[in-house]
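Residues 50 to 192 (the working numbering) are what the sequence shown spells out, left to right.
Don't be surprised by glycine CBs; every beta carbon is placed ideally from N, CA and C.
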Amino acid sequence: GGGDNVPIHDYQNAQFYGPIKVGGQSFQVIFDTGSANIWVPGKACGFFTCYLHPRYDESKSKTYEKDGRKYSVQYGSGPVEGVFSKDTVTVGNIDVKGQLFAEVSKVSFGPLNIAFAAGKFDGLLGLGFNSISQYNIPTPFEA
């Protein structure tokens with residue numbers, strides 16, 4: 050099939066981010082080739098840094114589905130924790146229905162938390178293959 054263009058922004062040659070929607074809600078996410086899951090801040094994130102970003106709210110989505118599996122990943126810059134949910138993820142003009150993603154409730158203190166607070170990004174969209182994703186969840190590009 051066809052394709053679509055997604056504007057990618059460069060922040061200090063360290064973060065390459067662009068827009069996606071989850072359940073119709075807009076987020077700026079890092080497109081990361083070294084991971085394969087999607088995460089955005091969830092309503093449950095009480096960290097001060099989460100208040101600086103939009104937070105996913107399932108009550109504002111008609112296509113939300115509960116999953117409930119735990120999400121926990123250790124980046125070089127610190128751990129991120131949350132819970133998996135399903136919703137429509139929009140990248141460019143392409144809607145991926147029923148995409149599993151993580152609603153993050155904890156962005157631990159450390160380099161990632163500082164980057165999250167200071168950076169331009171709200172979350173992350175992994176571009177890697179599902180063989181490196183938690184629970185082997187397919188990415189939007191494999192779905």
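- Minimum Cα-Cα distance from Lys135 among the listed residues Ser154, Asp144 and Lys115 corresponds to Lys115.
- For Thr112, the closest alpha carbon among the candidates Phe190, Gln183 and Gly147 is that of Gly147.
- Boundaries of the alpha helix (DSSP H) harbouring Phe97: Phe97 to Tyr100, taken from the DSSP string.
- Partner residues in a beta bridge of Tyr184, as assigned by DSSP, do not exist.
- Where Gly127 is concerned, the enclosing beta strand (DSSP E) starts and stops at Gly127 to Val140.
- Beta-carbon to beta-carbon, Gln77 and Gly67 are separated by about 7 Å, close enough to satisfy the 8 Å threshold.
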